[in-house]
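Novice: Below is a structure I'd like to ask you about.
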Amino acid sequence: MRKDIIKSLIAIKQSEIPFDVIDRDTKLPLARKKIITVPGVRRCGKSTMMEIAINELVAGGVPSKNILWLGFDDERLKSMDASQLDEVVVAYMEMYPDVAFKDVHIFLDEIQLIKDWEYFVLRLYKSYCKNIYVCGSNATMLSKELSSALRGYPLEYETFPLSFNEYCRFIGVRTDSYLEQDIARLRNAFLEYNGVSSFPEIVLTHTRSEQIKLLHGYFDTMILKDMVEHYRISNIGMVRYFVKRIMSNLTKPTSINAIYKDIKSQGLKVTKDDLYLWADYACDIFLFIRIPKYERSLSKEQKSLDKYYCIDNGLRSAVIMPQSNDNGKNLENSVFMHLYRNRMPSDKISYYQGNSECDFVIQREESVVELIQVTWDMSDAETKEREIRGIIEASSATGCDNMKIITIDYEDVIYIEDKKIDVIPAWKWMSAL
């Protein structure tokens with residue numbers, strides 16, 4: 291009987307409290323009386339974020355029996371539909387008839403697997419309990435994709451693979467010390483971080499062959515379940531090829547039309563509309579994040595080519611052939627992910643391209659507040675001149691004089707044309723040391 295299965299799953303999770311987890315930089319809010327949604331790419335630690343919140347609740351005096359956690363990725367719940375979700379409430383009430391349901395803290399993991407789950411959660415919120423957390427791995431968990439039933443109710447806490455600070459916490463490297471030996475460890479840690487995966491499970495797995503197997507498994511699940519199955523795509527092989535083509539073009543403006551022409555020249559069958567949809571889907575499942583070209587005109591921006599950044603350097607390295615210039619691409623991708631996870635709600639990230647290029651333009655509402663250029667090494671005079679030229683041109687075009695060049699280990703302050711450019715090593719910038 292499914293109700294007995296639900297009771298068992300609730301009890302098992304309660305028996306594990308407090309959870310043995312490593313803290314993350316972002317904390318989920320407690321007692322906000324809101325539906326808290328925790329979207330993010332698979333395996334990035336969304337469930338752990340909820341477990342950390344439970345640890346804090348219990349440490350603050352909430353009894354373990356007041357925690358209702360249910361994971362809908364259990365195969366025994368696969369046949370459930372939205373009309374049967376009331377069994378979760380009934381099962382809990384039968385377990386703890388003396389607990390007022392308004393005092394329960396509800397954690398629903400991967401609930402997006404149940405069609406029309408939003409209506410159940412909204413009814414739960416309006417009629418029974420204000421302490422509700424839901425997490426999931428695809429676009430239905432994003433506020434922009436939620437059905438109109440939940441409009442205005444959720445607070446969204448998008449979750450990512452580990453930041454550099456979190457990565458250091460996981461491997462036991464200090465980010466708050468000025469001792470020479472600790473700074474050396476921090477530098478080395480960033481070199482590793484830039485070239486490997488920052489998915490929590492991968493960081494805690496010490497065998498390289500096992501890491502690769504896990505990453506291939508992540509990628510297969512994203513393609514087969516999150517894209518092919520969820521969006522009902524039949525051409526699996528072409529989806530894989532297309533996604534890898536975008537991965538290989540990391541940090542560069544990507545023309546979907548050019549990829550279409552190349553595929554067509556090989557005699558393979560796919561429509562251009564399919565490719566544009568697949569690019570949207572790949573972003574919807576958090577595999578890529580795309581940014582537009584900076585334009586003052588919205589119509590010009592929409593006609594420009596987007597850049598696609600990958601959710602994880604190690605995932606990309608595991609599924610495509612490593613290239614000689616990957617260090618620089620990985621660094622730009624790491625910088626982008628740091629900017630993206632730390633952005634303000636009103637921030638917009640784009641890239642500048644005129645006669646020269648600047649990697650990132652940060653807009654806050656209507657104003658450009660920061661320009662960031664990324665380069666692996668500035669010791670070469672030609673490279674240094676190119677990077678400075680690009681960011682100075684972007685400064686003139688946007689009116690922003692807050693400029694940084696992020697490098698792997700070079701530090702300087704450059705004054706040119708009455709403007710100041712801070713050159714900062716990535717390990718120092720990301721650790722805020």
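So in the numbering used here, the last one in the sequence shown is 723, and the numbering has no gaps at all.
Note that the Cβ used here is the ideal one computed from N, Cα and C, for glycine as well.
Everything numeric in this text was worked out from a predicted model, so none of it was measured.
1. How would you label residue 639, buried or exposed, when you count the other beta carbons within 10 angstroms and need 16 or more for buried?
2. From residue 482 to residue 607, what distance separates their C-alpha atoms?
3. Give the single residue among 357, 291, 535 whose Cα lies nearest to the Cα of residue 309.
4. Among the candidates 628, 689, 708, 687, whose CA atom is the shortest distance from the CA of residue 453?
5. Can you tell which of 701, 707, 504 has its C-alpha closest to the C-alpha of residue 719?
6. Below 8 angstroms on the Cβ atoms is my guess for residue 463 versus residue 421; work out the distance and round it to an integer in Å.
7. What span of residues does the alpha helix (DSSP H) with residue 407 cover, start to end?
8. State buried or exposed for residue 381, treating a residue as buried only when at least 16 other CB atoms are found within 10 Å of its CB.
9. Looking at the secondary structure, which residues open and close the alpha helix (DSSP H) in which residue 680 lies?
10. Does residue 526 pass the burial test, meaning 16 or more other C-beta atoms within 10 Å, or should it be called exposed?
11. By DSSP's criteria, residue 402 is part of a beta bridge. Which residues make up the other side?
12. Might you give, ordered along the chain, the residues of its own chain that have their beta carbon closer than 6 angstroms to the beta carbon of residue 596, omitting 5 neighbours on each side?
13. To which residues of the same chain is residue 378 closer than 7 angstroms at the C-beta, ignoring the five residues directly before and after it?
14. Where does residue 643 sit, in a helix, a strand or coil, going by DSSP?
15. Where does residue 337 land, buried or exposed, given buried means 16+ other C-beta within 10 angstroms?
16. In three-state terms, what does DSSP make of residue 395?
17. Does the count of Cβ pairs from the stretch 500-514 and the stretch 538-546 closer than 8 angstroms reach three?
18. With contact counted as at least three CB pairs below 8 angstroms, one residue from each stretch, are the stretch 398-407 and the stretch 361-375 in contact?
19. Once DSSP output is grouped into helix, strand and coil, what is the label at residue 459?
20. Could you check if residue 735 is buried or exposed, using at least 16 other CB atoms within 10 Å of its CB as the buried criterion?
21. Going by the beta-carbon positions, is the gap between residue 716 and residue 621 smaller than 9 angstroms?
22. So, at 6 angstroms on beta carbons, what are the nonlocal neighbours of residue 674 in its own chain, with the 5 sequence-adjacent residues on each side left out?
23. Are residue 619 and residue 540 closer than 9 angstroms when you measure CB to CB?
24. Between the Cα of residue 396 and those of 325, 349, 440, spot the shortest distance and give me the residue it belongs to.
25. Is it true that the stretch 676-689 meets the stretch 640-653, where meeting means three or more beta-carbon pairs spaced less than 8 angstroms apart?
26. Which residue comes first and which comes last in the alpha helix (DSSP H) that contains residue 591?
27. Tell me which residue opens and which closes the beta strand (DSSP E) that residue 709 is part of.
28. Counting only runs that start and end within the stretch 323-392, where is the alpha helix (DSSP H) found for 4 or more residues in a row?
29. Helix, strand or coil: how does DSSP classify residue 637 here?
30. Cβ of residue 440 within 9 angstroms of Cβ of residue 458?
31. On the three-pair Cβ rule with 8 angstroms, is the stretch 644-662 touching the stretch 568-576?
32. Using a Cβ-Cβ cutoff of less than 8 angstroms, which residues in the same chain neighbour residue 321 once the five nearest sequence positions on both sides are dropped?
33. Within the continuous alpha helix (DSSP H) that includes residue 627, where are the two ends?
34. If you count every other CB in all the chains shown that lies within 10 Å of the CB of residue 592, and 16 or more means buried, which is it?
35. Helix, strand or coil: which one does DSSP assign to residue 650?
36. Between the alpha carbons of residue 609 and residue 499, how many angstroms are there, rounded?
Specialist: The answer reads as follows:
1. Buried.
2. Rounded to the nearest whole angstrom, the CA to CA distance from residue 482 to residue 607 is 13 angstroms.
3. Residue 357 is the option with its Cα nearest to residue 309.
4. Measuring from the Cα of residue 453, the nearest candidate turns out to be 628.
5. Looking at 701, 707, 504, the one whose alpha-carbon comes closest to that of residue 719 is 701.
6. Between residue 463 and residue 421 the beta-carbon gap is near 36 angstroms, outside 8 angstroms, which marks them as no contact.
7. Segment 407-417, the alpha helix (DSSP H) holding residue 407.
8. With at least 16 other beta carbons inside 10 angstroms of its own, residue 381 counts as buried.
9. 671-688 is the span of the alpha helix (DSSP H), which, as asked, contains residue 680.
10. Counting of Cβ neighbours within 10 angstroms places residue 526 among the exposed residues, the total staying below 16.
11. When beta bridges are read from the DSSP output, residue 402 appears opposite no residue.
12. Cβ neighbours of residue 596 beyond the five flanking positions: 580, 582.
13. Around residue 378, the same chain offers 296, 360 as residues with beta carbons nearer than 7 angstroms, after the five sequence neighbours per side are excluded.
14. Strand, per DSSP.
15. Buried: at least 16 other Cβ atoms inside 10 Å.
16. Strand at residue 395.
17. The stretch 500-514 is not in contact with the stretch 538-546.
18. Yes, the stretch 398-407 is in contact with the stretch 361-375.
19. Secondary structure of residue 459 (DSSP, three-state): helix.
20. Lying before the first or after the last residue shown, residue 735 is absent from the chain, which here runs from 291 to 723.
21. In contact: residue 716 and residue 621 (Cβ atoms closer than 9 angstroms).
22. 668.
23. The Cβ atoms of residue 619 and residue 540 lie closer than 9 angstroms to each other.
24. The shortest Cα separation from residue 396 among 325, 349, 440 belongs to 325.
25. A contact exists between the stretch 676-689 and the stretch 640-653.
26. Where residue 591 is concerned, the enclosing alpha helix (DSSP H) stretches over 588-593.
27. In the DSSP annotation of this structure, the continuous segment of the beta strand (DSSP E) that includes residue 709 starts and ends at 709-715.
28. If only uninterrupted alpha helix (DSSP H) runs of at least 4 residues are considered, those enclosed by the stretch 323-392 are 336-349, 376-385.
29. Residue 637 falls in the strand class under three-state DSSP.
30. No, they are not a contact pair.
31. Too few Cβ pairs lie closer than 8 angstroms, so no.
32. 421, listed in sequence order.
33. Boundaries of the alpha helix (DSSP H) harbouring residue 627: 616-631, taken from the DSSP string.
34. Within a 10 Å sphere around the beta-carbon of residue 592 sit fewer than 16 other beta-carbons, which makes this residue exposed.
35. Residue state, collapsed to three classes: strand.
36. C-alpha separation (whole angstroms): 13 angstroms.
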